[in-house]
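Residue numbers (our numbering), protein chains in the order written: chain A, 1 to 195; chain B, 196 to 362.
A virtual CB, placed ideally from N, CA and C, is assigned to each residue, including glycine.
Notes follow once the structure below has been shown.
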C-alpha cells in the first residue's frame with residue numbers, strides 16, 4: 001500500500017470512511033513514516049478538542065465504566081510501586097495516569113455484560129490471564145455475592161460492596177466458565193467471559 | 196505503598212471530561228456521548244490496540260472517541276433514527292471561557308487565526324460542525340479534492356504553529 005498522504009490528516013479528523021479506515025489502520029501497523037504523520041495530526045486534532053466546552057452535568061451519576069478507574073488503580077498498584085502522597089503535583093498525577101492507562105491500554109483484558117434481572121445492569125471486566133476480575137453492578141440487591149463456576153466447581157468470591165455501582169475486585173480468580181451474581185440463593189445476573 | 200486511588204481518580208476524571216466533551220460536541224446527547232466514550236475505550240482496552248509508538252495517549256484516545264461519535268452520528272443520519280441536534284445554523288465560534296482548559300483553548304484559537312482563511316474555514320466546518328467532506332464540498336462550492344488538500348494542509352500547519360515553530 002502507498003503512503004497515506006493527505007489521508008493521514010483526514011483519518012486523524014475522523015473523516016475517512018469505514019473501509020478506508022480499516023486500510024489505514026493496517027498500514028499504520030507497518031509504516032513508521034505514516035504513523036509519525038498521523039501522530040502529529042492527532043496531536044493537532046486533540047488541540048482543537050481542547051477548545052470544546054465540557055459536557056453538561058451527567059444524568060447517569062455512575063456510568064459503569066467509571067469503575068474502570070478503580071480497576072485500573074488496583075491493577076496499577078499491584079504491578080507498580082506507586083507511592084501515595086496527596087501532595088503530589090497535578091502534573092505528576094497526570095504523568096502517572098498516563099503510565100497507568102498505558103499499562104491498561106496495552107494489556108489485554110475483556111469485558112462481558114451479564115444477563116440480568118430487570119433493574120440490574122452488571123458487567124465483568126477481567127484479565128485474559130485470569131489474574132483478576134472486576135465485577136460492577138448497578139441495582140443489585142444489597143449483600144449480593146459474586147459466584148464463579150468452573151466445571152463442577154462453584155466458588156463464592158465474596159460480596160459486592162455497598163457502593164453505587166456496587167463492585168467487587170477478585171484477585172486470581174482463574175478462568176471461570178461463568179460469572180454469576182447471587183442474592184438470596186437466586187441468580188440475579190450471569191454471563192460467560194471470553195478469555 | 197498506598198493505593199492512591201483518589202489521586203488516580205482525579206487524574207482519570209481529567210481525561211474522562213475531555214473525552215466526554217469530544218463525544219458530546221458531536222452527538223449533543225449525554226447518554227449517546229457516554230456510550231461513544233465507553234465504546235471507544237472498551238474497544239481499545241479489550242484489544243490492546245494502543246502501543247506507545249502510536250504517540251501520546253490522550254490524542255490517540257480523543258481521535259478514537261471522535262471517530263466513534265462520528266460513526267454514531269452518521270449511523271443516526273443514515274437511519275433517521277432521531278433528530279440530529281447539531282443544527283446547520285450552529286455558529287462557528289470557539290468559546291475559550293467555556294473550555295475545560297481556557298489557556299489551551301486560547302492558544303489554539305490564536306494558532307487557528309494564523310491559518311489562511313480557506314484552511315481555517317474547512318477545519319471549522321469539519322471539526323466544529325461535523326461536516327463530511329462531501330457536505331463541505333457542496334456547501335462551499337469547492338471540488339472534493341481541494342477540500343481534502345485544504346483540510347490536510349490546514350491541520351499540518353496548525354500542528355506546526357502549535358509546536359512553536361511560528362510563534
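Between the stretch 33–48 of chain A and the stretch 8–19 of chain A, do three or more beta carbon pairs fall short of 8 Å? Here the stretch 33–48 of chain A lies against the stretch 8–19 of chain A, with 3 or more beta-carbon pairs under 8 Å apart.
Residue 54(A): contacting residues in chain B (beta-carbon distance under 9 Å): The contact set of residue 54(A) on chain B, defined by CB atoms closer than 9 Å, consists of 212, 213, 215, 216, 219, 293, 294 and 295 in chain order.
Three-way DSSP call (helix, strand, coil) for residue 157(A) in this model: Three-state DSSP puts residue 157(A) in a strand.
Could you check the C-alpha separation between residue 152(A) and residue 126(A) for me, to the nearest Å? Rounded to the nearest angstrom, the gap between the Cα atoms of residue 152(A) and residue 126(A) is 21 Å.
Buried or exposed (CB count within 10 angstroms, at least 16 for buried), residue 36(A): By the neighbour-count criterion, in which 16 or more other beta carbons inside 10 Å mark a residue as buried, residue 36(A) falls on the exposed side.
In whole angstroms, what is the alpha-carbon distance linking residue 52(A) and residue 353(B)? Rounded to the nearest angstrom, the two C-alpha atoms are 17 Å apart.
Sequence-distant residues of the same chain with beta carbon closer than 8 Å to residue 128(A), five excluded per side: Sequence-distant partners of residue 128(A) (beyond 5 residues in either direction) whose C-beta falls short of 8 Å from its own C-beta, in its chain, are 108, 109, 110 and 195.
Straight-line gap, residue 350(B) to residue 292(B) (C-alpha atoms, nearest Å): Distance between the alpha carbons of residue 350(B) and residue 292(B): 23 Å.
Which residues in the same chain as residue 260(B) place their Cβ atom closer than 7 Å to its Cβ, once the five residues preceding and following it in sequence are excluded? Excluding sequence neighbours, residue 260(B) sits near 214, 217, 218, 231, 232 and 235.
Spatially closest choice to residue 269(B) from 247(B), 326(B) and 309(B), by CA coordinates: Taking only the C-alpha atoms, the option nearest residue 269(B) is 326(B).
Whole-angstrom distance between residue 239(B) and residue 95(A), CA atom to CA atom: For residue 95(A), the pLDDT reaches just 49, beneath the cut-off of 50, and the residue's location in the model is therefore unreliable, leaving the point undetermined.
Under a three-way DSSP split, which group does residue 245(B) fall into? Secondary structure at residue 245(B): coil, using DSSP grouped into helix, strand and coil.
With 16 other Cβ atoms within 10 Å as the buried cut-off, status of residue 59(A): Residue confidence for residue 59(A) is low, a pLDDT of 46 falling below 50, so the modelled location carries little weight; the figure read from the coordinates is stated next. So residue 59(A) counts as exposed.
Within 7 Å: the Cβ of residue 6(A) and any heavy atom of the ligand GDP? Of ligands this structure carries none, so the ligand GDP is not represented either.
Going by DSSP, what residues sit across from residue 138(A) in a beta bridge? By DSSP's assignment, residue 138(A) forms a beta bridge with 121(A).
Below-8 Å beta-carbon distance, residue 316(B) vs any chain A residue: Chain A contact via Cβ: absent.
Determine the DSSP secondary structure at residue 16(A), reduced to helix, strand or coil. When DSSP states are grouped into helix, strand and coil, residue 16(A) belongs to the coil group.
If we cut at 8 Å on Cβ distances, does residue 184(A) have a partner in chain B? Taking Cβ atoms only, chain B never reaches closer than 8 Å to residue 184(A), which makes this a no.
State buried or exposed for residue 248(B), treating a residue as buried only when at least 16 other CB atoms are found within 10 Å of its CB. It is exposed - the Cβ of residue 248(B) has fewer than 16 other Cβ atoms within 10 Å.
Fully enclosed by the stretch 16–54 of chain A, which alpha helix (DSSP H) runs are 4 residues long or longer? Qualifying alpha helix (DSSP H) stretches, in chain order: 18–28 and 32–49.
If contact is defined by three or more beta carbon pairs under 8 Å, each pair taking one atom from either stretch, is the stretch 137–151 of chain A in contact with the stretch 174–187 of chain A? These segments touch.
At the level of alpha carbons, what is the spacing between residue 257(B) and residue 117(A)? Going from the Cα of residue 257(B) to the Cα of residue 117(A) covers about 35 Å.
Spatial neighbours of residue 183(A) within its chain, please: C-beta separation below 8 Å, excluding the five flanking residues on both sides. Residues 140, 141, 143, 144 and 145 of the same chain have their beta carbon placed closer than 8 Å to that of residue 183(A), with the five preceding and five following residues left out of the count.
According to DSSP, is residue 227(B) helix, strand or coil? Helix at residue 227(B).
Going straight from the alpha carbon of residue 187(A) to that of residue 181(A), what length do you get? Their backbone Cα atoms lie some 6 Å apart in a straight line.
Check whether the Cβ atoms of residue 252(B) and residue 245(B) sit closer than 8 Å, and answer yes or no. Yes; because the gap between Cβ atoms is below 8 Å, this pair is in contact.
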